[in-house]
Amino acid sequence: MADASKRAQVAKRVMELTAQAVRKLKDPRVGMVTITDARMTPDLREATVFYTVLGDDEQVKASAAGLEHATGHLRTTVGRALGMRHTPSLQFVADTVPDQAHRIEELLAKAAAADAEVHKIAEGAAYAGDPNPYVVDEDDEETAEEPPR
């Protein structure tokens with residue numbers, strides 16, 4: 000079992016090597032693929048490589064099929080460059096973080112618009128009762144200021 004820092008170093012190197020190897024692929028199905036992250040198992044035997052694809056759903060599916068087809072070649076390329084005893088197996092997973100970030104930004108924009116509408120409505124509003132509903136008698140104020148004996 001490798002410690003966390005070794006695992007992080009290997010994962011970073013696998014990510015870099017995979018990104019370089021994907022750029023050199025001649026498969027027309029693999030379009031605008033960006034390798035975003037890689038994670039290693041504690042025994043450094045398996046790597047999960049996250050990627051994003053610029054394009055529509057059809058291009059995403061085609062790129063996934065192209066990466067799946069080229070997994071053996073990519074594993075060989077990464078293994079030679081790593082120089083480790085055991086070459087990690089590669090598993091490609093589509094990264095959904097950009098889609099989730101886009102959805103969160105849409106929700107925040109919607110909430111900001113609703114908030115602005117509430118502030119616009121509240122601009123000319125007045126309190127329903129007195130501005131200070133806690134009316135205090137003048138006698139109570141004097142006794143409250145005196146320290147207890």
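In numbering that gives the first Met the number 0, the protein residues as written are 0 to 148. Glycine is no exception: its CB is placed at the ideal position from the N, C-alpha and C atoms.
Item                                                                                            : Value
Within the segment 48-135, ranges of the alpha helix (DSSP H) (whole runs, at least 4 residues) : 56-68, 70-81, 96-121
Cβ distance (whole Å) where D94 is taken to contact T51 below 8 Å                               : 5 Å
Under 8 Å between C-beta atoms of E14 and P87                                                   : For the sequence presented, residue 14 should be read as Met rather than Glu. No.
Residue burial classification, L66 (beta-carbon count within 10 angstroms, cutoff 16)           : buried
Per DSSP, cross-strand counterpart(s) of V151                                                   : Since the first and last residues shown for the chain are 0 and 148, residue 151 lies out of range.
Local Cβ density within 10 Å of L89, reported as buried at 16 or more and exposed below that    : buried
Closest by C-alpha distance to A61, when choosing among E45, A100, P27, T76                     : P27
Any non-hydrogen atom of the ligand MN within 7 Å of V59 CB                                     : The ligand MN is not part of the structure shown, which contains no ligands of any sort.
Beta-carbon proximity check, M31 vs L53, cutoff 8 Å                                             : yes
Option nearest K11 by Cα separation, candidates L24, K23, R22, L43                              : L43
Boundaries of the beta strand (DSSP E) in which A37 is found, first to last residue             : 32-39
Exposure label - V21; buried when at least 16 CB within 10 Å                                    : buried
Local Cβ density within 10 Å of I103, reported as buried at 16 or more and exposed below that   : exposed
Residue(s) in a DSSP beta bridge with A46                                                       : M39, L89
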